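Take 501 as the starting number for the sequence shown in this note's numbering and just add one per residue.
Cβ atoms here follow ideal geometry from the backbone N, Cα and C, with glycine treated the same way.
Quick caveat, the model's predicted, so the values are computed rather than measured.
This report refers to the structure that appears directly beneath it.
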Amino acid sequence: MRKPGSMKGLEDLGRVRLSRNFFFRDFLHSEIADFYRIPNIPEDPDLAIEAGRRLCEELLEPLEATFGRLHIRSGYRSPDVNRFGNENKLNCSTNAATSAHHIWDVRDFDGCMGAAVCIAVPWMIDRYRDESDWQRLAWWIHDHLPYASLCFFPKLWAFNIQWHERPKRIIHSYVSPRGILTKPGMANWEGDHGAFYEGFPKLMR
501 MRKPGSMKGL
511 EDLGRVRLSR
521 NFFFRDFLHS
531 EIADFYRIPN
541 IPEDPDLAIE
551 AGRRLCEELL
561 EPLEATFGRL
571 HIRSGYRSPD
581 VNRFGNENKL
591 NCSTNAATSA
601 HHIWDVRDFD
611 GCMGAAVCIA
621 VPWMIDRYRD
631 ESDWQRLAWW
641 IHDHLPYASL
651 CFFPKLWAFN
661 IQWHERPKRI
671 IHSYVSPRGI
681 LTKPGMANWE
691 GDHGAFYEGF
701 PKLMR
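Below, the structure written as structure tokens:
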């Protein structure tokens, strides 16, 4: 698919079905793009679609099947949108760091494909209150899904979840306790963490 050069082309891209419940249009909304009028359109739609399908099929579909409807906060970002967000301190990292993450249509330094989305899980918001409760969901995902990285934020316990060809399986947080929850080599990385998420639903696919 060529980069859309018209509204009709963008409509066609939005209609691309990435998985059972997700279409590309679900991931195109951006407050930065809307407010500052920067087109949020992939340069390489085919790569963005391929990476987005893996993200949706392997991570978002099982999450939605298990916990119910997900709230998408930030999905795909074009290089122009992300660069503007970074340069203007709008909570965007550099394009180099965001490639194969929120920038789905650019491979990373190693030539690998990846995609990320920031989501919130209403099921969690309705049931838990303590600031540190985000760890319950983090450990559930760690034990059940092939994520590449997770990063949790304070508002709504929203978090970035990434699919990547070479997953590092690192969990970061800006919520207390801040920092790295786990990564390969840490003592808590392996094993069953079921005690953290007792009462959670069983994985559905």
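Neighbour-count burial assignment, residue i, 16 or more Cβ in a 10 Å radius
i    : result
M704 : exposed
M507 : exposed
E631 : exposed
F609 : exposed
G614 : buried
H571 : exposed
F535 : exposed
R636 : buried
N582 : buried
A695 : exposed
N588 : exposed
A616 : buried
I661 : buried
I619 : buried
E591 : The sequence given here has Asn at residue 591, not Glu. With fewer than 16 Cβ atoms within 10 Å of its Cβ, N591 is classed as exposed.
N595 : buried
Spatially closest choice to residue i from the options, by CA coordinates
i    : options                   : result
T682 : G699, F700, F652 and R525 : F652
P504 : P545, W639 and T566       : P545
A693 : I641, L570 and L563       : Correcting the residue identity first, residue 693 is His in this sequence and not Ala. The shortest C-alpha separation from H693 is found at I641.
K785 : F524, F567, N591 and A638 : Outside the shown range of the chain (501 to 705) lies residue 785, about which nothing can therefore be said.
E690 : L555, G699, W639 and G679 : W639
D580 : N540, L559 and E561       : N540
L559 : R520, F584, P622 and R525 : R520
A565 : A596, A687 and L645       : L645
A658 : A687, V621 and I680       : V621
R517 : L555, R502 and I538       : L555
S649 : I670, D626, S676 and W634 : I670
M624 : Y576, E511, D633 and D526 : D633
S676 : P654, G699, L563 and W663 : P654
R569 : N595, D526, H672 and V606 : D526
R537 : F700, F584 and N595       : F584
D626 : Y674, P562, N688 and F700 : F700
Beta-bridge pairing of residue i - partner residues as DSSP gives them
i    : result
H672 : C651 and I680
H664 : G614
R517 : F523
F659 : I619 and F652
For residue j and residue i, believed in contact at Cβ under 8 Å, the rounded distance
i    : j    : result
S574 : S530 : 7 Å
S578 : N586 : Between N586 and S578 the Cβ distance is about 13 Å, and since that is not below 8 Å, they are no contact.
A721 : P542 : Nothing about residue 721 can be read from this structure; the chain reaches only from 501 to 705.
G716 : W604 : Outside the displayed span of the chain (501 to 705) sits residue 716, for which this structure offers no information.
E550 : C612 : Actually they are not in contact, since the Cβ atoms of E550 and C612 sit about 12 Å apart, beyond 8 Å.
G514 : F523 : 6 Å
Y647 : P667 : 7 Å
Y576 : H602 : 7 Å
Any chain C beta carbon closer than 9 Å to residue i
i    : result
P701 : You won't find chain C in this structure, because it holds only one protein chain.
| request: Please specify which runs of the beta strand (DSSP E), each continuous and at least 3 residues long, are wholly inside the stretch 560-628, giving them in chain order. | output: 571-574 and 614-620
| task | Could you name each continuous beta strand (DSSP E) segment of 3 residues or more that falls completely within the stretch 519-556, going from the start of the chain to the end? | result | none
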